[in-house]
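Presented below is the structure to which this report refers.
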Amino acid sequence: MFKDYLIVHKSVLPDYFMKVVEVNQSMKEKKYSNISEAVKAVGISRSTYYKYKDFVFLPEESDSTRKAVLSVDLLHHHGSLSSVLEVLSNNKISVLTISQSLPVHEIANVLISIDITNVKISMNKLIIKLKQLKEVSDVKLIALE
């Protein structure tokens, strides 16, 4: 799930990364009234701050909850949604919301938002498992947070 991230000791990183973290913390604590004041105080440019502000953070600042939204096309048969929910449950995935459309040409679209914070299965494997169900016509990952 975290294939886009590296854990790197801050001693090998340029000092402006920690200064970006410092600006973010200062703004949360309302030490400065605007970003210009905060970046000036820590000694980095506004462009450096804006370039890295969404990519540099301390581990404890990261969101502890991860969510995903799946779009599942189900054949309009009794128990179709139940079999999808069973796969999610078997993989310890908590369902947050379900929104189902009316069936058109015997296929109903279901948007399912799920909590994937502590999930061990990859999203690709989960999608493959869901697509293997005879009641499922298609599955797409719509969003990942």
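Residue numbers are given in numbering that gives the first Met the number 0: position 3 of the sequence shown equals residue 2, and the series is strictly consecutive.
Ideal Cβ positions, reconstructed from N, Cα and C, are used throughout, including at glycine.
Could you round the C-beta distance between V86 and I111 to whole angstroms and report it? I think they count as a contact, below 8 Å. Walking along the sequence shown from the start, residue 86 turns up at place 87. Walking along the sequence shown from the start, residue 111 turns up at place 112. Not quite, the Cβ-Cβ distance comes to about 11 Å (not below 8 Å), so this is no contact.
What is the DSSP secondary structure of S44, counted as helix, strand or coil? Along the sequence shown, one-based indexing puts residue 44 at 45. When secondary structure is reduced to three states using DSSP, S44 falls in the coil class, being assigned neither helix nor strand.
Under three-state DSSP, which class holds E60? Sequence index remark: in the sequence shown, residue 60 carries index 61 (1-based). Confidence at E60 is low in this model, with a pLDDT of 47, below 50, so its placement is unreliable and the value that follows should be read with caution. E60 falls in the helix class under three-state DSSP.
For V103, count the other beta carbons within 10 Å of its own beta carbon; 16 or more makes it buried, fewer makes it exposed. Which is it? Locating residue 103 in the sequence shown gives position 104, where the first residue counts as 1. Answer is exposed; the Cβ neighbour count stays below 16.
What is the DSSP secondary structure of I120, reduced to helix, strand or coil? For the purposes of this step, residue 120 is identified with residue 121 of the sequence shown, where counting begins at 1. DSSP places I120 in coil when its eight states are reduced to three.
To the nearest angstrom, how far is it from the Cα of H77 to the Cα of V68? For the purposes of this step, residue 77 is taken as residue 78 along the sequence shown, with counting starting at 1. For the purposes of this step, residue 68 is taken as residue 69 along the sequence shown, with counting starting at 1. Roughly 23 Å separates the two Cα atoms.
Can R65 and I97 be called in contact, C-beta distance under 7 Å? One-based indexing of the sequence shown puts residue 65 at position 66. One-based indexing of the sequence shown puts residue 97 at position 98. No, Cβ-Cβ distance for R65 and I97 is not below 7 Å.
So, V22 versus V38, is the Cβ gap smaller than 7 Å? Numbered from 1 along the sequence shown, position 23 holds the residue referred to as residue 22. Numbered from 1 along the sequence shown, position 39 holds the residue referred to as residue 38. Contact annotation: V22 and V38 have beta-carbon atoms nearer than 7 Å.
Does K148 pass the burial test, meaning 16 or more other C-beta atoms within 10 Å, or should it be called exposed? This structure gives no information on residue 148, because the portion of the chain shown stretches from 0 to 144.
Contact with chain E by I126, beta-carbon distance below 7 Å: Checking the listed chains, one finds no chain E in this structure; it contains a single protein chain.
Among Y15, M122, S32, N108, whose alpha-carbon lies nearest the alpha-carbon of K50? Taking the sequence shown and counting its residues from 1, one reaches residue 50 at position 51. Nearest option by C-alpha distance: Y15.
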